[in-house]
Structure formats: C-alpha cells, structure tokens
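2 protein chains.
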Amino acid sequence: MARARKTSTPPAPSTAEPLDTSVLEGLIGYNARRASIAIGAMFFERMAPYGLTQADFSVLALLAHNPGATSRQLCATLDILPPNFVSLIAALDRRGLIERRPHPRDGRAVGLHLTQAGHVLAQETEKVVVEMENEAAGRLSARERVTVQRLLQRFYLPGNAGGGGR
Amino acid sequence: MARARKTSTPPAPSTAEPLDTSVLEGLIGYNARRASIAIGAMFFERMAPYGLTQADFSVLALLAHNPGATSRQLCATLDILPPNFVSLIAALDRRGLIERRPHPRDGRAVGLHLTQAGHVLAQETEKVVVEMENEAAGRLSARERVTVQRLLQRFYLPGNAGGGGR
DNA sequence: TATTGTTATACTCTATAACTATA
DNA sequence: TATAGTTATAGAGTATAACAATA
Numbered sequence: 188m189a190r191a192r193k194t195s196t197p198p199a200p201s202t203a204e205p206l207d208t209s210v211l212e213g214l215i216g217y218n219a220r221r222a223s224i225a226i227g228a229m230f231f232e233r234m235a236p237y238g239l240t241q242a243d244f245s246v247l248a249l250l251a252h253n254p255g256a257t258s259r260q261l262c263a264t265l266d267i268l269p270p271n272f273v274s275l276i277a278a279l280d281r282r283g284l285i286e287r288r289p290h291p292r293d294g295r296a297v298g299l300h301l302t303q304a305g306h307v308l309a310q311e312t313e314k315v316v317v318e319m320e321n322e323a324a325g326r327l328s329a330r331e332r333v334t335v336q337r338l339l340q341r342f343y344l345p346g347n348a349g350g351g352g353r
Numbered sequence: 188m189a190r191a192r193k194t195s196t197p198p199a200p201s202t203a204e205p206l207d208t209s210v211l212e213g214l215i216g217y218n219a220r221r222a223s224i225a226i227g228a229m230f231f232e233r234m235a236p237y238g239l240t241q242a243d244f245s246v247l248a249l250l251a252h253n254p255g256a257t258s259r260q261l262c263a264t265l266d267i268l269p270p271n272f273v274s275l276i277a278a279l280d281r282r283g284l285i286e287r288r289p290h291p292r293d294g295r296a297v298g299l300h301l302t303q304a305g306h307v308l309a310q311e312t313e314k315v316v317v318e319m320e321n322e323a324a325g326r327l328s329a330r331e332r333v334t335v336q337r338l339l340q341r342f343y344l345p346g347n348a349g350g351g352g353r
C-alpha cells in the first residue's frame with residue numbers, strides 16, 4: 188500500500204532544476220499512477236487513526252452494502268488474490284469488525300458480515316474518505332469529478348463504452 | 188510494480204454473483220487506483236520483451252529529453268527514494284543503456300546520459316507504450332483523453348488550478 | 001472433477017537509518 | 001552544516017504451488 192512517507196517537506200532548500208516531464212505527462216498510465224499514489228498517501232494519513240489500509244476500507248465498505256458476501260466474491264471484486272486475503276480478513280475478525288457465519292447454501296463458503304462495531308467504523312471512515320476526496324479534488328468542479336470517474340472506469344470496468352451517462 | 192498475473196482467465200465458469208460496488212465507484216481514489224493497476228498490467232505485458240518496469244521506462248524517457256540529469260533530479264521528479272534508485276540505475280548501467288559521467292559543476296553528483304543503445308530502446312519503447320495507450324483508451328475520444336490527463340494532474344502536480352488549457 | 005478457503009513461501013516495492021565524499 | 005549518492009535492512013504488497021473440505 189505504500190505507506191505515507193515521513194513527509195517533513197523542508198521549506199524547499201532544494202536548488203536542483205526541474206526536468207522536462209512533458210513526455211510522461213502525455214501518458215494516461217503515468218498520470219493515473221501518480222494521482223493514485225498521491226491520493227493513497229493522503230488516504231493513509233487520514234486513516235491512520237483507524238488503522239485501515241485502502242484494502243481494509245474497501246472490504247468494510249463493500250460488506251456494509253453487501254452483507255454475507257464471501258471471500259471469493261470480495262477477492263473477485265477487488266482483484267485481490269485469495270491467499271493474500273486471508274490475513275486481511277483474519278485481522279478484521281480479530282478486531283471484532285466482522286463476523287464469519289456459515290454460508291446458508293454452500294458448506295465450503297463463509298458469509299462475511301459487519302459487526303455493530305464494524306458498521307460504526309465503516310460509516311465513520313466512509314465520511315472521512317469522502318471529506319478527504321472533497322479536499323483532494325478541491326480544484327475540480329462536481330461535473331469534472333464525475334467526468335474523471337467515468338473516464339477512469341473505462342480502463343478497468345468491462346464494457347463501459349460511451350453514450351449513457353448524462 | 189505488481190507484476191502481471193498469470194492471467195489465464197478461464198472462460199468465466201464462475202457462478203458467484205457480483206457485488207454492489209457503487210460506493211467505491213464514487214471515489215476518485217478507488218477509480219484512479221484500479222485504472223492505474225489495469226494499465227500497469229497491460230504495460231507489464233507489452234514491456235516484457237524489453238525487460239523494463241514502469242520506473243525503468245520513465246527514467247529512460249526522462250533521460251531522452253533531459254540528458255545529464257542527476258539521480259537526485261530523477262528521484263524528485265518520479266517520487267522515488269534515493270536508496271531505491273540505486274539498483275535501478277545500476278541495472279540500466281549494467282545493460283549498457285545509460286552512462287554515468289562526472290557532473291560538470293558538482294563533484295558529488297553524477298550526470299546520467301543515454302548510450303546509443305539506450306536511445307534506441309527509449310525511442311522504440313516509447314512507441315510501444317503510446318500504441319498500448321491508444322488501445323487501452325480506445326473507447327475514449329482524443330478530447331476525453333486530454334481531459335482525463337489534465338484532471339488527474341490536479342491531484343499530483345502543484346498549482347495546476349483551473350483556467351489555462353487551450 | 002471443480003471450487004472455497006487456507007498454508008507456506010518467494011519476490012517486488014517502499015521505507016528508514018546511517019555512512020562517504022564532496023560542497 | 002548540508003547535499004548527492006550509497007549500503008544495509010525492515011516491512012508492505014503481490015505472486016505461485018499445493019493442500020483439506022465441500023460441491
């Protein structure tokens with residue numbers, strides 16, 4: 188997750204001249220990566236009091252709206268490999284944020300549910316993240332924010348062709 | 188850099204129902220992260236024949252337009268920590284793609300330059316990456332591509348407020 | 001036979017502390 | 001004293017192989 192750096196940021200005593208970055212800035216991959224890292228660092232700072240990574244937060248947010256979802260479903264949705272999901276879920280369980288109940292129709296699977304504490308934390312952190320995004324996107328209009336989201340989704344969601352959205 | 192997965196992608200024998208992801212899809216951070224990972228995986232595939240990571244490529248591309256740049260400048264530009272930059276540069280050097288020359292005005296610094304082979308590789312891979320992006324962004328118009336880049340830059344470039352463009 | 005969840009494990013990426021040599 | 005480059009190292013994150021239990 189690239190934990191945020193110590194980021195003391197001295198008052199720029201730096202003298203080195205900046206480089207010409209026009210080539211890279213013309214690449215969407217580069218821009219998406221840099222923006223993602225910048226927002227991720229901000230996320231890390233704001234979430235420090237709650238001890239949640241982006242993956243942790245995503246799982247809690249998904250469970251809030253998809254109670255009983257299985258590890259398999261969450262892994263597929265978030266593009267996390269099952270072996271890497273085990274310790275994540277175990278940690279949330281240890282913290283009393285989620286509960287594992289036997290799946291009603293599949294003995295192999297386990298349904299995941301938020302506990303009361305999990306619901307509270309999911310709700311509170313969602314608010315924090317939305318505020319953080321409002322700040323990070325402070326120089327974007329509401330319309331621009333919707334636009335950038337819609338365009339980014341074209342790169343990772345299947346069949347999100349044009350048209351549609353108003 | 189998250190190397191690309193073995194991605195056999197069986198013809199979806201999967202039966203698990205998809206989850207409601209609307210909360211996450213309303214977050215710019217989530218969308219930027221997912222898009223970045225998707226483009227990164229594609230980058231990894233196309234660059235496999237050249238053995239370059241995104242960071243490697245970025246360094247070569249920057250040196251092509253900024254001959255003599257120092258490690259310090261490249262680190263600052265690409266947000267890479269100096270200790271992590273050492274092995275990257277050493278590998279490019281070992282491959283005969285770059286050359287380290289004493290800095291003309293600073294005995295501590297080392298000016299980095301592309302070799303002939305480095306220039307050839309930088310030019311060829313830049314073409315491959317641009318083609319790859321054209322494909323990845325196939326469902327975006329030229330105007331949309333410029334828009335998404337401009338908007339993403341607001342998150343990681345300082346003082347890129349509105350106005351300006353065009 | 002295929003799938004869910006898991007253990008073990010290895011590799012990559014990212015971070016900090018501390019050193020050297022020049023400035 | 002501060003900066004450029006480096007070494008050593010620790011900790012996240014991400015990948016594969018292989019297993020038990022259930023379908």
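Top to bottom, those sequences are chains A and B. Residues in the first sequence are numbered from 188 upward in steps of one, following the numbering used here. Residues in the second sequence are numbered from 188 upward in steps of one, following the numbering used here. Note that the Cβ used here is the ideal one computed from N, Cα and C, for glycine as well.
In the structure shown, Ala-203 (chain A) adopts coil according to DSSP, grouped into three states.
Proximity of Ala-235 (chain A) to chain B, defined by a Cβ-Cβ separation below 8 Å, is not satisfied. Among the bridge pairs identified by DSSP, Thr-257 (chain B) is matched with B:Gly-298.
Legend: CB atoms of the segment 324 to 342 of chain B lying less than 7 Å from CB atoms of chain A belong to residues Ala-324, Arg-326, Leu-327, Glu-331, Arg-332, Thr-334, Val-335, Gln-336, Leu-338, Leu-339, Gln-340, Arg-341 and Phe-342.
Under the three-state reduction of DSSP output, Arg-287 (chain B) falls in the strand class. Among the residues facing chain A, Arg-287 (chain B) is not included, as its CB has no counterpart in that chain under 8 Å away. Its Cα nearest to that of Leu-284 (chain A), the residue A:Ala-309 stands out among A:Ile-267, A:Ala-309 and A:Leu-327.
In this structure, the beta-carbon distance from Leu-247 (chain B) to Leu-261 (chain B) does not fall below 8 Å.
In terms of Cα proximity to Phe-230 (chain A), the closest of A:Val-316, A:Gly-298 and A:Ala-219 is A:Val-316. Pairing Val-297 (chain A) with Arg-287 (chain A) gives a Cβ-Cβ distance under 8 Å. The C-beta distance from Ala-222 (chain B) to Leu-339 (chain A) rounds to 4 Å, short enough to meet the 8 Å contact threshold. In this structure, DSSP gives Ala-219 (chain B) a helical state, which the three-state scheme calls helix.
For Pro-270 (chain A), the uninterrupted alpha helix (DSSP H) run begins and ends at 269 to 281, by DSSP. The beta-carbon separation of Ala-242 (chain A) and Ile-267 (chain A), rounded to 7 Å, stays under the 8 Å limit for a contact. About 7 Å separates the beta carbons of Leu-299 (chain A) and Ser-258 (chain A), which is inside the 8 Å limit, making them a contact pair. For a Cβ distance threshold of 7 Å, residue set Leu-249, Asn-253, Ala-256, Gln-260 and Thr-264 of chain A lies close to Leu-206 (chain B), ordered along the chain. Taking 8 Å as the cut-off, the beta carbon of Thr-334 (chain A) is found closer than this to the beta carbon of Thr-334 (chain B).
Within chain A, the residues placing a beta-carbon under 7 Å from that of Asn-218 (chain B) are Gln-336, Leu-339 and Gln-340, ordered along the chain.
Arg-220 (chain A) sits buried, since 16 or more C-beta atoms from the chains shown fall within 10 Å of its C-beta. Shown here, Ser-245 (chain A) sits in a helix according to DSSP, grouped into three states.
Within its own chain, no residue has a Cβ closer than 6 Å to the Cβ of Pro-291 (chain A) once the five positions on either side in sequence are excluded. Looking at the backbone, the Cα of Leu-279 (chain B) and that of Ala-235 (chain B) are separated by about 15 Å. Interface residue (Cβ-Cβ distance to chain A less than 8 Å): Leu-239 (chain B) is not classified as such. Between the alpha carbons of Arg-341 (chain A) and Ala-263 (chain A) lies a gap of roughly 18 Å.
In the three-state scheme derived from DSSP, where H, G and I count as helix and E and B as strand, Arg-341 (chain A) is classed as helix. Residue contact check for Phe-272 (chain A) against chain B: no CB pair falls below 8 Å. Judged by DSSP secondary structure, Leu-327 (chain B) falls outside any alpha helix (DSSP H); it is assigned neither H nor E. Between Ile-226 (chain A) and Ala-329 (chain A), the CB-CB gap reaches or exceeds 8 Å. Arg-233 (chain A) is a Cβ neighbour of Met-319 (chain A), given a cutoff of 8 Å. Within chain A, the residues Leu-214, Ile-215 and Gly-216 have their CB atoms less than 8 Å from the CB of Glu-320 (chain B), given in chain order. Per DSSP, Thr-240 (chain B) lies in no alpha helix (DSSP H) and is assigned neither H nor E. Against chain B, the CB of Ile-224 (chain A) has a partner CB under 8 Å away; the residue lies at that interface.
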